[in-house]
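Protein sequence lines correspond, in order, to chains A and B. Numbering of the first sequence is given in my numbering, commencing with residue 1 and proceeding in unit increments. Numbering of the second sequence is given in my numbering, commencing with residue 1001 and proceeding in unit increments. Just so you know, even glycine gets a beta-carbon here, dropped at the ideal spot from N, CA and C.
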Amino acid sequence: MTGFRTLLYKEILRFWKVSFQTVGAPVLTSVLYLMIFSHVLDKHVQVFDGVPYTSFLVPGLVMMSILQNAFANSSSSLIQSKITGNLVFVLLPPISYREFYAAYVLASMFRGAFVGLGVALASLIFVTLPLAAPGWILAFALVGGGILGSLGVVAGIWAEKFDQLAGFQNFLIMPLTMLSGVFYSIHSLPDVWQTVSHFNPFFYMIDGFRYGFFGQSDVSPWRSLGIVVVCFAFVAGLTLNLLSRGYKLRG
Amino acid sequence: MTAAAIRICGATKRYGDLRALDGVDLEIAEGEFFGLLGPNGAGKTTLISALAGLVRADAGTLEVMGHDVVRDYRKARQQLGVVPQELVFDPFFTVREALRIQSGYFGIRNNDDWIDEILANLDLTAKAGANMRSLSGGMKRRVLVAQALVHRPPVIVLDEPTAGVDVELRQGLWQFIRKLNGAGHTIVLTTHYLEEAETLCGRIAMLKAGRIVALDTTANLLARFATHSLKLRLAQPVPALPGSVSLGQGWLEFAIDRYDEVEGRLRQVREAGGEVMEMKLGEPDLEKVFVGVMQSA
């Protein structure tokens, strides 16, 4: 277990040493979103009964930060280590592929949660947030962070250059998170886009997470949790399979 | 009988049509200082990578201290320290952090006493708190050696550890590695500096195109393949003499098997009207063995 614990510690220390960039910057970006969107839309839009738009927006932004940073952590750490060649330090010791997976994903979840907490705390300057069902908040944060941390591992071991990783991030992860209901309820969309949104797993992560704050959501949180857990099982299974075969890591 | 530190049976690895390893059989005993030589692309690094679990062999078995590197990888890796060829480092950490982290990967906590000893032996103590980025190439190379030793592995593999390293560091490094070998560690070395291999290694394997083409003690290889050389500078050119090669600027070279052939060669030169101005006798060296083996394989 010491090998796993050390790898987890090293992954956390890695982003913590550059926390200005890995924690501070995403918190600032989210706060800017919050200030601008709330300034423009707060008086014009109300999604849930009795919930001002700015309050509605905060859980979406928090979850988006959790997801994007969880992905960024494992993917950027792996591709940097691959390109600079220092991944060899992790591949030479007696660390199993399961320990490798768990360490990278847990560190990603940790960074996601850390940034998410930062965004939530910063938003308290502007809004008051109810906590209708905190258990759901925790559940969706954990599973969502786990999914994106795993996807980050997949992207990190698949990509051979930064360009490919940026493609994965900008053309897959970013659109799926932005179009998942962070800024709106899907009930405000035309029917066809509502249907499309139901095929986006990120929608369930955000909708379920938001339920934990307001006790209101577009779909039942149980249904969201079920879908998100199935997605996690699928992505974790895929990632563990790639790692067990040494895909692109152990020639 | 000494147990095998490394046992490789029929190791094969292909990359497309290229056979990087073509059925390698090799056994290295505990405590040996072993050299693995071969031209670029011969398969040295692939063989080391297969031993270290960085590459999976298509066929064959590889064991470190009796532990299969695939089935029993945890124990096999615990017994093996590898100094990689590439000058790699993690820019996020200081030297000490990197060594503590590497110890942790091998399941060792509170390893500072041993880390301090390695740092002192590699002349790195003053750099313990320095970030890896700030170190010179030679210093980074030393840290790589240190990282391979944190878990006190009985078998140490050094893949071209002195490439691009200055003379002083090279000597310091070999002194330390010899000390480790003296303390019972098995050392496997690949290098392009053949004189290094000749001085350090008790036994040598030469690889070409993924196959072992020579395997013997260094002394036997030198005796078997290499000849002495007799070089003469003559006052004036003489007609071509059998068994000699002209080196230009008046120099002639004869290949001889034993020193008692010198007199016969000198007589041959005198009879051809040559006057000897200068003479050099060359010892057999591994470079000649290497060239001979590679040409005949």
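Bounding residues of the alpha helix (DSSP H) (the contiguous stretch that carries residue i)
i	result
M63/A	53-84
R1133/B	Segment: none, R1133/B is in no alpha helix (DSSP H) and carries neither H nor E.
S38/A	25-41
Y204/A	201-214
T177/A	174-178
R1014/B	Where R1014/B is concerned, there is no enclosing alpha helix (DSSP H), although the beta strand (DSSP E) it sits in stretches over 1004-1015.
F1254/B	First-last for F1254/B: 1251-1256, but that is the beta strand (DSSP E), not the alpha helix (DSSP H).
M307/A	With chain A covering 1 to 251 only, the question about residue 307/A has no answer from this structure.
S224/A	221-244
Residue-chain proximity (residue i, chain A), Cβ-Cβ < 8 Å
i	result
E1063/B	no
L1135/B	no
G1053/B	yes
R1056/B	yes
M1001/B	Annotation note: pLDDT 46 at M1001/B (below 50); position unreliable, coordinate value reported separately. No, M1001/B does not count as interfacial toward chain A.
D1159/B	no
V1082/B	yes
D1113/B	no
D1166/B	no
D1285/B	no
F1225/B	no
F1176/B	no
G1104/B	yes
D1022/B	no
Among the options, the one whose alpha carbon lies nearest that of residue i
i	options	result
V51/A	Y184/A, L238/A, G251/A, L249/A	Y184/A
I1101/B	R14/A, G226/A, D191/A, G237/A	R14/A
R245/A	G1292/B, A1057/B, F1092/B, P1239/B	A1057/B
I157/A	W222/A, Y101/A, L129/A	Y101/A
C1009/B	E1032/B, G1031/B, A1050/B	A1050/B
I1108/B	K248/A, I173/A, G3/A, W222/A	G3/A
K161/A	L124/A, L87/A, R210/A, I83/A	I83/A
L1247/B	F1176/B, R1233/B, Y1259/B	R1233/B
R1258/B	G1282/B, R1270/B, L1252/B	G1282/B
L1200/B	T1217/B, L1266/B, R1211/B, V1289/B	T1217/B
V127/A	G145/A, D42/A, H198/A	D42/A
A1020/B	I1212/B, R1152/B, G1250/B	I1212/B
G112/A	H198/A, S38/A, V23/A, V45/A	V23/A
F37/A	S75/A, A25/A, T54/A	T54/A
Chain B residues whose Cβ lies nearer than 9 Å to that of residue i
i	result
V153/A	The contacting residues do not exist; V153/A stays about 18 Å from chain B at best.
Neighbouring residues, chain A, relative to residue i (Cβ below 7 Å)
i	result
E1086/B	G85
G1107/B	T2, G3
R1077/B	L92, P93, P94
Q1147/B	F89
G1210/B	Within chain A, no residue comes near G1210/B; the closest Cβ sits about 15 Å away, beyond 7 Å.
D1017/B	Residues of chain A passing the Cβ test: none, with the nearest at roughly 16 Å.
F1033/B	Correct list: empty, because the minimum Cβ distance to chain A is about 21 Å.
Interface residues of chain A facing residue i [CB-CB closer than 9 Å]
i	result
I1101/B	T6, L7, Y9, K10, L13, F89
V1155/B	In chain order: nothing, as chain A lies at least about 13 Å away.
Y1073/B	P94, S96
Own chain residues within Cβ distance below 6 Å of residue i, not counting five before or after
i	result
N1131/B	T1094
T1190/B	L1036, K1044, D1159, E1160
M64/A	T177, V182
M1001/B	Residue placement at M1001/B is poorly supported in this model, since its pLDDT is 46, which falls under 50; the coordinates still yield a value, given next. Around M1001/B: no qualifying Cβ.
I79/A	G156, A159, L165
Chain-order list of residues whose beta-carbon lies under 7 Å from that of residue i (same chain, five-residue window excluded)
i	result
V1162/B	The question names Val, yet the displayed sequence has Thr at residue 1162/B. The answer, listed in chain order, is R1170, L1173, T1191, Y1193, E1196.
P1284/B	L1222, A1226, T1227, H1228
A132/A	G212, F213, F214, G215
A139/A	L225
K1127/B	V1095, L1135, M1139
Nonlocal neighbours in the same chain, by C-beta distance under 8 Å from residue i, ignoring five residues either side
i	result
E1063/B	A1004, I1006, R1007, I1008, V1069, A1076
F1089/B	A1098, M1132, R1133, L1135, K1140, V1143, L1144
V229/A	V143
L61/A	S30, Y33, L34, V119, S123, V182
V1269/B	L1232, L1234, V1238, L1241, L1252, V1276
Partners in chain A for residue i, counting only beta-carbon separations shorter than 8 Å
i	result
D1143/B	Rather than Asp, the amino acid found at residue 1143/B in this sequence is Val. Ordered by position in chain A, no residue passes the 8 Å Cβ test against V1143/B, which lies about 11 Å from the chain.
F1089/B	T84, N86
F1092/B	L13, R14, K17, V18
First and last residue of the uninterrupted beta strand (DSSP E) at residue i
i	result
T1218/B	It is not in any beta strand (DSSP E) - T1218/B instead sits in the alpha helix (DSSP H) that spans 1218-1225.
T1186/B	1186-1190
R1233/B	1228-1234
E1195/B	E1195/B -> not in any beta strand (DSSP E); alpha helix (DSSP H) instead, spanning 1194-1200.
F1033/B	1033-1037
Beta carbon proximity, residue i to chain B, threshold 8 Å
i	result
R250/A	yes
K17/A	yes
G246/A	yes
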